[in-house]
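Peer 1:
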Amino acid sequence: MIKINIITLFPAMFYSFLSESIPAIAQRERQLVVTLTDLRDFSGNKHRQVDDYPYGGGAGMVLKPEPLAAAIEFIVRGKENVPIIYFTPQGELLRQDIVRSFLDTAEIVVVCGHYKEIDHRIREKYITTEISIGDYVLSGGELPAMVFTDAIARLLPGVINDPESAMSDSHENGLLGFPCYTRPSEFLSMAVPEVLLSGNHKQI
Ligand code: ADE
Numbered sequence: 044m045i046k047i048n049i050i051t052l053f054p055a056m057f058y059s060f061l062s063e064s065i066p067a068i069a070q071r072e073r074q075l076v077v078t079l080t081d082l083r084d085f086s087g088n089k090h091r092q093v094d095d096y097p098y099g100g101g102a103g104m105v106l107k108p109e110p111l112a113a114a115i116e117f118i119v120r121g122k123e124n125v126p127i128i129y130f131t132p133q134g135e136l137l138r139q140d141i142v143r144s145f146l147d148t149a150e151i152v153v154v155c156g157h158y159k160e161i162d163h164r165i166r167e168k169y170i171t172t173e174i175s176i177g178d179y180v181l182s183g184g185e186l187p188a189m190v191f192t193d194a195i196a197r198l199l200p201g202v203i204n205d206p207e208s209a210m211s212d213s214h215e216n217g218l219l220g221f222p223c224y225t226r227p228s229e230f231l232s233m234a235v236p237e238v239l240l241s242g243n244h245k246q247i
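In our numbering, the protein residues as written are 44 to 247.
1. Where does Met189 land, buried or exposed, given buried means 16+ other C-beta within 10 angstroms?
2. List the whole-angstrom C-beta distance separating Thr80 from Ile50, where the pair is believed to meet the contact cut-off of C-beta under 8 Å.
3. Taking C-beta to C-beta, are Ile176 and Ile127 nearer than 8 Å?
4. If we ignore side chains and look at the alpha-carbon of each, how far apart do Asp205 and Gly242 end up?
5. Work out the CA separation of Gly184 and Val142 for me, nearest whole Å.
6. Can you determine whether any heavy atom of the ligand ADE sits closer than 7 Å to the C-beta of Tyr179, and answer yes or no?
7. Closest by CA to Gln248, which one among Ile115, Arg197 and Pro110?
8. Would you check if the segment 54-61 and the segment 92-101 touch, i.e. whether three or more CB-CB distances between them fall below 8 Å?
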């Protein structure tokens, strides 16, 4: 079982993601627990404000350090060696081996930034791992957090019925995927390759 604690300004973005398909199965099978922490609950002020203008000027707002620190401390209190991931285009590009490296971790914290950045002191003091999901800029870490959670969920025991299916996926063994076909054997005059219909597993 793996527990992923997500700190976000937009918990509702996760609701449908977590209630459908593989992430839902992983939770039903008690292999995955996801907690959603609304950063505004840790604002410490009645306006629930969690961002502020950047020192030195420039466009965009920065997530203040105190709410993030309070939320992280609340989650990790009394626990040791909990990886704290921050999704940022500056991080290491996510790969299948990085996903796998978290599989025997009991608990993970994921910090979703939004708007421009989070205060750098949070990165220095708390963040253990910075990950990018690609060389493009998103408006926040929520979609990367879902990408990461899905990639983990499908590898957990008993979540995908056919373990061979998870293992034989593209990237799982460094090989590219191969073309797949299902019925009908002919579609718009395009036939499924003969060998796949042959039942000769060695040749296939
Ligand atoms: N936050 C914004 N863009 C991102 C990206 N490409 N990967 C990870 N986190 C991000």
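Think of the CB as a built atom: it goes at the ideal place given N, C-alpha and C, for glycine as much as any other residue.
Peer 2: So, from the listed chains and residues:
1. buried
2. 5 Å
3. no
4. 20 Å
5. 16 Å
6. yes
7. As displayed, the chain neither begins before 44 nor continues past 247, which places residue 248 out of reach and without an answer.
8. no
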